[in-house]
Each structure stands twice: as C-alpha cells, then as structure tokens.
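*Asks:* Taking this note's numbering, the leading residue of the sequence shown gets 4, the next gets one more, and so forth. All residues carry an ideal CB built from backbone N, CA and C; glycine is no exception. Please read these numbers as outputs of a predicted model, since none were measured by experiment. Quick one: this structure, given as structure tokens, is what I'll be asking you about.
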Amino acid sequence: MHAPIKPPDYEPLLADHGFDPIESDGLTYPLGEFEPKFGEYFELMPGIGWTRTPVPGPLGHINNWVLADRHADGSAGFAIADTGLFMPQVIEAWKHLFEEGALQGQGATKIIVTHYHPDHVGCAGWLAKRFKAPLHMNRTEWLLTRLLIADKRDGVPQEALDEWRFCGWDQNLIDQFAEKGWGRFARAVAELPIGHIRMEEGTRLKTGDHQWRVMIGNGHTPEHACLIDDSAKVMISGDQILPRITSNISTMLSEPTSDPLGEWLASIAHFRAALDKDLLILPAHGRPFLGAHQRLDTLALRHNEALDDLEQGLRESPKRVVDSFPYLFKRPITPDVIGMASGEAMATLRHLEFTGRAVHEMKDGVAWYSAI
Ligand SMILES: [Zn+2]
Numbered sequence: 004m005h006a007p008i009k010p011p012d013y014e015p016l017l018a019d020h021g022f023d024p025i026e027s028d029g030l031t032y033p034l035g036e037f038e039p040k041f042g043e044y045f046e047l048m049p050g051i052g053w054t055r056t057p058v059p060g061p062l063g064h065i066n067n068w069v070l071a072d073r074h075a076d077g078s079a080g081f082a083i084a085d086t087g088l089f090m091p092q093v094i095e096a097w098k099h100l101f102e103e104g105a106l107q108g109q110g111a112t113k114i115i116v117t118h119y120h121p122d123h124v125g126c127a128g129w130l131a132k133r134f135k136a137p138l139h140m141n142r143t144e145w146l147l148t149r150l151l152i153a154d155k156r157d158g159v160p161q162e163a164l165d166e167w168r169f170c171g172w173d174q175n176l177i178d179q180f181a182e183k184g185w186g187r188f189a190r191a192v193a194e195l196p197i198g199h200i201r202m203e204e205g206t207r208l209k210t211g212d213h214q215w216r217v218m219i220g221n222g223h224t225p226e227h228a229c230l231i232d233d234s235a236k237v238m239i240s241g242d243q244i245l246p247r248i249t250s251n252i253s254t255m256l257s258e259p260t261s262d263p264l265g266e267w268l269a270s271i272a273h274f275r276a277a278l279d280k281d282l283l284i285l286p287a288h289g290r291p292f293l294g295a296h297q298r299l300d301t302l303a304l305r306h307n308e309a310l311d312d313l314e315q316g317l318r319e320s321p322k323r324v325v326d327s328f329p330y331l332f333k334r335p336i337t338p339d340v341i342g343m344a345s346g347e348a349m350a351t352l353r354h355l356e357f358t359g360r361a362v363h364e365m366k367d368g369v370a371w372y373s374a375i
C-alpha cells in the first residue's frame with residue numbers, strides 16, 4: 004500500500020524553530036549550527052526527535068533519531084533509529100533520556116538499524132532487550148553483525164596478514180597490528196536478539212504518523228538501509244548520504260575481490276534518480292541538511308576525480324596500495340588511520356581494475372598496480 008502523497012504539513016525549512024539557516028557547499032542547514040548535546044532530546048519536527056551519543060576519535064558523535072510511535076495497546080512509545088556504540092558513556096546518555104529526560108515513562112516500540120557498523124548497531128541488542136522491542140534491520144547487515152560478534156578467535160587470521168602485505172605494509176607495521184589481536188567489533192556491540200524484522204528495498208515501516216519506505220545502498224556496507232517519508236519529505240540516511248565527510252568505501256576481508264566503489268557509485272546514481280531534491284536529510288554524522296542532489300553530485304565528482312588522478316599516477320610508475328595515499332588523501336597517513344586508508348585505496352585501485360583502467364601483478368605477496 005502506498006501512502007497518499009500529500010504536501011508536507013510541516014515547513015521543511017524548519018523556520019519555526021527560530022534558527023538561522025546556513026548555506027555551505029551548495030547545501031542548506033536549516034538549523035544553522037544547532038546540534039543537541041549527548042543525551043539531550045530535541046524535537047526536530049512532529050514525530051521526529053534528535054539526540055546524539057559519543058563516538059571516540061575524529062567522528063566525535065553519532066546522531067540517533069527518536070521517532071514517536073504507539074505500542075500495540077495504543078499507549079505512547081518511541082522507535083529508535085541507529086543506536087550508538089555499546090560503551091558506558093553512550094549507555095549513560097540513553098539511560099538519562101529514559102529515566103530523567105524527555106522519554107521517561109515511555110518504552111521503545113522498535114529498534115531500527117541502518118547498517119552493521121558498531122556506532123549504528125552497538126546498543127541495538129541492549130535496547131531491544133531492555134524494551135522487549137523488535138529489531139528492524141537488513142538481513143545481510145544483521146547476519147554480518149551476528150557473525151562478527153561470534154568471531155572470537157585469538158590471533159589475527161592469515162587472510163588479514165596477507166592482505167596487509169598485499170597493500171605494501173612493512174613487516175614492522177604488520178607485526179604491530181597483529182599484536183592488537185582480533186575481535187574488536189564485539190567489544191563495542193551488544194549481543195543481538197536471536198531474530199529480526201527484515202528491511203529490504205521497498206519495505207514499508209510506520210512510526211506514529213510517519214510512513215517510511217526503505218531504500219538500500221551498497222558500497223559503504225553490503226546492504227545499507229535508508230528510510231524515506233515521502234509525504235513529510237524527510238530521509239534518515241545513515242552513512243549513505245553524509246553532508247561533509249565522505250563515507251568510507253573499503254574493500255572488506257569478507258569479500259576481498261569485490262568492487263565496493265563500483266557499487267557505491269551505482270548507489271549514488273540510483274539515489275540521485277530516485278530521491279526528491281527537497282528531502283530533508285537526517286545523516287548519521289553532521290547536521291540535517293537540504294540538497295541531496297547537490298551532495299550526491301559532489302560525492303560522485305570527487306570519487307571520479309580521485310580515480311582519474313590515481314590512474315594518471317599509475318601511468319607514471321607502478322604503485323603499491325600504500326603509494327596511492329597521496330593521490331587520495333590530503334593529510335599524511337599515520338598508523339592510526341592506515342587500516343582505513345588502505346581499505347579505501349584498495350577499493351579505488353580495484354575499481355580502476357574492474358573498469359579496465361589498471362592491472363596488478365604480485366611480487367613477494369605485494370600487489371603492484373599499473374595503468375593499462
Ligand atoms: Zn558506517
């Protein structure tokens with residue numbers, strides 16, 4: 004059943020909040036610089052609340068969306084979309100909201116998770132258990148979460164060591180990373196419920212007066228779910244559309260020969276064609292914004308420029324994954340970010356290879372890429 008399309012009964016510019024909108028890079032931030040503090044609840048529009056929970060490192064935070072809903076008996080409740088890392092400061096922020104803050108006296112009706120990354124799925128199991136609320140998640144993302152939590156081996160698997168060598172890491176760096184061990188995922192993610200409710204392309208989901216449809220994006224994770232309310236013109240975009248930072252697109256050990264950047268670019272084209280340009284985008288990181296088309300165009304352009312630059316570099320001399328960093332990143336790549344940087348660089352090189360613009364040959368376990 005399609006919800007009848009009606010004009011939004013709420014001004015999408017959110018003018019009645021009294022904020023001064025900011026324009027930046029072709030995007031409009033209707034709430035200006037405003038952002039709620041950790042564990043603070045802010046009603047963004049009828050039926051949609053916004054809070055934040057902390058994420059260590061440069062990201063600093065994740066946005067969590069609290070959606071007004073009703074329990075089966077008609078009493079008031081709320082659904083939560085994206086849950087934060089399962090760590091003490093985040094749990095404290097949630098408990099504050101539930102026990103003393105805006106959500107006290109109510110319970111959760113649904114726990115919704117866009118994708119399997121720990122800052123999104125971390126508290127989902129804890130929340131689902133606390134409120135006996137069902138977990139709505141894409142099946143692949145739910146399975147991946149459960150698999151990664153269950154992977155409790157001690158040492159780093161040989162495939163990971165081989166991949167680090169493939170990228171051109173030196174033995175010291177490989178040893179250093181091997182010492183850190185395996186299974187860090189499970190430390191930031193609570194055990195998930197044994198069952199879930201599937202979200203796939205076209206799934207419909209209701210919270211209060213909001214009727215959502217699910218769109219699936221690929222490349223950042225295998226099957227990232229976004230929620231769109233066409234009549235309220237609002238989209239919970241997770242990490243699929245972020246206003247400032249570029250989502251990490253990395254080759255994953257679970258599919259080392261895949262082409263995630265190709266999938267990501269295809270998703271950008273898919274979303275660009277399917278989304279209303281006036282949607283208010285609620286991203287997982289950063290502030291709500293208008294300008295989805297502009298942002299998707301910028302993302303596609305940046306990736307294509309990076310592909311062209313790197314191809315040009317490969318024409319000059321063959322390169323390892325680590326040699327491609329200066330073509331892709333403005334800042335120097337230090338050991339704390341080299342894992343992510345290698346994943347992204349590999350995804351870019353692989354896409355050149357997939358599209359017939361580069362090849363690689365192996366020397367002593369290290370891949371050397373050259374242009375065709
Ligand atoms: Zn993510």
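1) In the DSSP assignment, the alpha helix (DSSP H) including Pro121 goes from what residue to what residue?
2) Looking at Gln92 and Pro57, is the spacing between their C-beta atoms short of 7 Å?
3) Leu150: buried (16+ other C-beta within 10 angstroms of its C-beta) or exposed?
4) Just to confirm, are Leu70 and Thr206 a CB contact at a threshold of 7 Å?
5) If I follow the unbroken beta strand (DSSP E) through Ile244, where does it start and stop?
6) Taking the beta strand (DSSP E) that Met349 belongs to, which residues open and close that run?
7) Start and end of the beta strand (DSSP E) containing Tyr2?
8) Measuring alpha carbon to alpha carbon, tell me which residue in Gln243, Phe188, Leu256, Asp173 is nearest Ser266.
9) Which of the three DSSP states, helix, strand or coil, is assigned to Val159?
10) Comparing alpha-carbon positions, which option in Val325, Asn67, Gly42, Phe41 lies nearest Ile51?
11) State the Cα-Cα distance for the pair His288 and His123, rounded to the nearest angstrom.
12) For Val325 and Cys170, I'd like the C-alpha separation in whole angstroms.
13) Tell me, to the nearest whole angstrom, how far the beta carbon of Thr86 is from that of Tyr119; I am working on the premise that it is less than 8 Å.
14) State the Cα-Cα distance for the pair Gly316 and Phe328, rounded to the nearest angstrom.
15) Which one of Ile284, Glu46, Ile248, Leu299 has the shortest CA to CA distance from Ala269?
16) Could you check the C-alpha separation between Asp165 and Val217 for me, to the nearest Å?
17) Buried or exposed: Glu144, going by 16 or more other Cβ atoms within 10 Å of its Cβ?
18) Are Gly222 and Ile252 close, meaning C-beta to C-beta below 7 Å?
19) Look up Leu106 in the DSSP assignment and say whether it is helix, strand or coil.
20) Suppose the cutoff is 6 Å on Cβ atoms and the five residues either side in sequence are ignored; what does the same chain contact list for Leu282 look like?
21) Run through DSSP, which three-state label would His199 get?
22) So which of Met140, His99, Ala96 has the shortest CA-CA distance to Ala84?
23) Mind checking which residues open and close the alpha helix (DSSP H) that includes Arg305?
24) Can you tell me whether Ile177 is helix, strand or coil according to DSSP?
*Replies:* Taking the coordinates as given:
1) 121 to 124
2) yes
3) exposed
4) no
5) Looking at the DSSP string, Ile244 is not in any beta strand (DSSP E), and its letter there is neither H nor E.
6) Premise fails: Met349 lies in the alpha helix (DSSP H), 341 to 357, not in any beta strand (DSSP E).
7) Given that the chain is displayed from residue 4 to residue 375, the structure contains no residue 2 and the question cannot be resolved.
8) According to the sequence displayed, residue 266 carries Glu and not Ser. Ranking the options by Cα distance to Glu266, first place goes to Gln243.
9) coil
10) Asn67
11) 11 Å
12) 6 Å
13) The Cβ separation is near 12 Å, so there is no contact.
14) 11 Å
15) Leu299
16) 37 Å
17) buried
18) yes
19) coil
20) Lys236, Met238, Ala295
21) coil
22) Met140
23) 295 to 319
24) helix
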